[in-house]
Amino acid sequence: MSFVHSSPRVYLGHGLETAGAWLLGALWILPLAYAIWTAFHPGEYSTHFVPTAPLTLDNFGRAWAAAPFARYFLNTMLLCAMILAAQLVLCTLAAYAFARFVFPGRNLLFALVLLQLMVMPDVLIVENYRTMGALGLRDTIVAIALPYMASAFGIFLLRQTFKTVPKELDEAARVEGCTPLQVLWKVYVPLARPVYLAYALVSVSFHWNNFLWPLIITNSVESRPLTVGLQVFSATDQGIDWSIITAATLLTSAPLLIAFLLFQRQFVLSFMRAGIK
Amino acid sequence: MKSIATRDPIADRWVGLALLAPALAVILVFFVAPLAMSAVVAFRRKDGGLTLEHFAKSFDLYTTDLLFTLAIVLASTILIGLVAIAIAGYLTLGENPRAVAILRWLYRWPLFIPFVVAGQVMRTFLAKNGMLNHVLIGTGLIEPLSAQSLLDWRGIVIAFVWKQAPFVTLLLAGAMASIETQHIEAARNLGARRLRVLIDIILPQVRGTLLVGLVLSFVTMLSVLSVPLMINPNSPTMMTVDVAYRINTFGDYAVANALCLLSLILAAGGAWFYLHHAVEKVEHA
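As they're listed, the protein sequences go chains A and B. Numbered according to this note's numbering, the first sequence terminates at residue 279, and the numbering increases by one at each position without gaps. Numbered according to this note's numbering, the second sequence terminates at residue 324, and the numbering increases by one at each position without gaps.
What follows is the structure, given as structure tokens:
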């Protein structure tokens, strides 16, 4: 939508708007730009902006050496993949059941699922910690993943999407002789592809970022994800070397930022089409 | 032809339950049972009797933190709403394509920054000898002696707004883009200014999306530990820090559970609104 009028006043207005947008954008990006600046420059420039300051990768090298980042990356990727795979299967089946089948207690069970949306995971940490102990799973990647495998948000989002699929398509597939699982796979899943993409991005982003539960349930390098590993750098006994801290910080979030840079168009479109609202 | 309406209801019943069973098992073991146990522990004395003493102790020790948490999250939610309206409004009504493109490209970046990273970045950025003060001193806006640390409630609010505003803006900009343009064009042709169009025509139509985005942000911020832990771990602080402290330092699960249930009450109102809105939307579709 555009209401362009060509007068000097309008040109001046456009110039001011461009400047304002740059200013707001720059302010918004400043903390991230600062982190990048500090990470790529020697420590003495960490709080001084000198355009001629030399570039260095030393901070990344020192951060990488200060913590077993390779292992943390592997753990985080395994964790995200495990959770997402389980969520896609469990949430799809449950959402299909809620959207298209009538069974006793359906509304009650759906309310139970929705209750999960209202309850912050923190409320359950104490008891889930005990449960993991009873199952002998403490300090494992499986223990971090298990409580999140039946995501209420995923079930709710997919159920809302499946309900918008015309029943005629479902009926036609059944007339063709499809079983319920085939109907799900051939009719519902393809039609919900943008929702799956948006949900996958939200899920990976959330679990890549998750901190509290992994912090409590893990205590070894073999199971810790990146966010918990990053915590090492905020300990005061490490001293405050901001160059290393920001380098470690960027290492932690780099994969998500690069993925966002590469797929931001698809991400935004999926997010909007998915109707997460 | 066997239509949906004439499908065998008994078979359907079992198929539905079978489809639901795996998710239900996870929910029962890792959600329902712990939630019930959490409530039981919060209300149980050591000798097994019922008590409110853990809640009384929580209020004794942490009333300030409870109010602090509520104030921080509410203030952040309001600011997130204002920032999101401003950015999404400009993206919709902006007349300068270059400015719109710049803003659209830049505002989304914090979306993929983890809270723990946002906390870490803000911790170094907002400190007394951090980059922000150096920039302000360097540009002559403040004297070196008047530089102050923002690592307190202000730092938490700044980190929350920075991290969450893009999420709400994304939802809001999407909703604004799908509005019929005739009303907007008619108002603009009649001479209405953009701010007026935004407030009188656009916002009322995207109010639901805005509120849902804010509610999701409200609930998310209530459960964040890393940001308050890194920026402002000392009292008064947010309740997530208190919960971690009760568990790690005292092994006091009863008070920790009571604090968690109090957080739950704060979050439940917002979450109920989200569900009510979303379900109503589908039923009316």
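C-beta atoms are modelled at their ideal positions from N, C-alpha and C, and glycine is treated no differently. These numbers come from a predicted model, not from an experiment.
Taken through DSSP and simplified to helix, strand or coil, B:Leu-89 comes out as strand.
Nearest to A:Ala-35 by alpha-carbon distance, out of B:Ala-57, B:Leu-171, B:Gly-55, B:Gly-133, is B:Leu-171.
If only complete runs of 4 or more residues are kept, the stretch 150-210 of chain B shows the alpha helix (DSSP H) at 154-164, 170-177, in order along the chain. Proximity of chain B to A:Gly-27 at the Cβ level (cut-off 8 Å) is accounted for by Ile-141, Leu-142, Trp-144, Leu-145, Tyr-146, in chain order. Ranked by Cα distance from B:Leu-298, the first of B:Arg-235, B:Phe-98, B:Leu-253 is B:Phe-98.
By the criterion of a C-beta distance shorter than 7 Å, B:Ile-240 is surrounded in its chain by His-222, Ile-223, Ala-226, once the five residues flanking it on both sides are discounted. Against A:Ile-38, chain B offers no close residue; the least beta-carbon distance is about 10 Å (beta-carbon pairs closer than 8 Å).
Around B:Leu-268, the same chain offers Val-280 as residues with beta carbons nearer than 6 Å, after the five sequence neighbours per side are excluded. Taking C-beta atoms as the reference points, B:Asn-135 and A:Gly-15 count as a pair closer than 9 Å.
Secondary-structure assignment with DSSP links B:Arg-83 through a beta bridge to B:Leu-89. Proximity of the stretch 99-106 of chain A to the stretch 136-147 of chain A falls short of the contact definition, fewer than three beta-carbon pairs being nearer than 8 Å. Along the stretch 200-218 of chain A, the positions whose C-beta sits under 7 Å from a C-beta of chain B are Ser-207, Trp-210, Asn-211, Phe-213, Leu-214, read in chain order. Beyond the five residues adjoining it in sequence on each side, B:Ile-270 comes within less than 7 Å, by CB distance, of Gly-158, Met-161, Arg-162, Leu-190, Gly-194, Ile-195, Ala-198 in the same chain, given in chain order. Across the structure, B:Leu-165 and B:Ser-188 are spaced so that their CA atoms are roughly 6 Å apart.
If only uninterrupted beta strand (DSSP E) runs of at least 3 residues are considered, none is enclosed by the stretch 79-141 of chain A. Taking 9 Å as the cut-off, the beta carbon of A:Ala-256 is found no closer than this to the beta carbon of A:Ala-65. Burial check for B:Asn-168: the Cβ neighbour count within 10 Å stays below 16, so the residue is exposed.
Apart from sequence neighbours up to five positions away, no residue of its chain approaches B:Glu-182 with a beta-carbon distance below 6 Å. Using a Cβ-Cβ cut-off of 7 Å, B:Pro-48 is close to Val-104 of chain A, given in chain order. Put simply, the backbone Cα of A:Pro-168 is about 47 Å away from that of A:Leu-29. Relative to the Cα of B:Ser-77, the nearest Cα in the group A:Ile-85, A:Ile-38, A:Val-121, A:Met-151 belongs to A:Val-121. Counting only residues of its own chain and dropping the five nearest sequence neighbours on each side, B:Phe-82 has a CB closer than 6 Å to the CB of Leu-89. Residue environment: B:Lys-202 is assigned as buried (16 or more neighbouring CB atoms within 10 Å of its CB, all protein chains considered). Among the CB atoms of chain B, none fall inside 9 Å of the CB of A:Pro-10. Annotated three-state conformation of A:Phe-71 is helix, per DSSP. In this structure, the CA atom of A:Gln-89 is about 16 Å from the CA atom of A:Phe-164.
Between the stretch 62-77 of chain B and the stretch 151-166 of chain A, the count of Cβ pairs shorter than 8 Å is three or higher; the stretches touch.
The three-state reading of DSSP puts B:Met-260 in helix, counting H, G and I together. Under the criterion of beta carbons closer than 8 Å, B:Met-260 and B:Thr-131 do not qualify as touching, at roughly 26 Å. In chain order, Gly-128, Leu-132 place their CB closer than 7 Å to the CB of B:Leu-237, counting only its own chain and leaving out the 5 sequence neighbours on each side. Rounded to whole angstroms, the gap between the alpha carbons of A:Cys-180 and A:Val-91 is 19 Å.
Looking at A:Gly-27, A:Leu-114, A:Leu-217, the one whose alpha-carbon comes closest to that of B:Leu-59 is A:Leu-114.
Taking a C-beta distance under 9 Å as the contact criterion, A:Thr-78 and A:Leu-171 do not qualify as a contact pair.
The DSSP-derived three-state label of B:His-222 is helix. Between B:Val-155 and B:Val-266, the C-beta gap is smaller than 9 Å, which places the two residues in contact.
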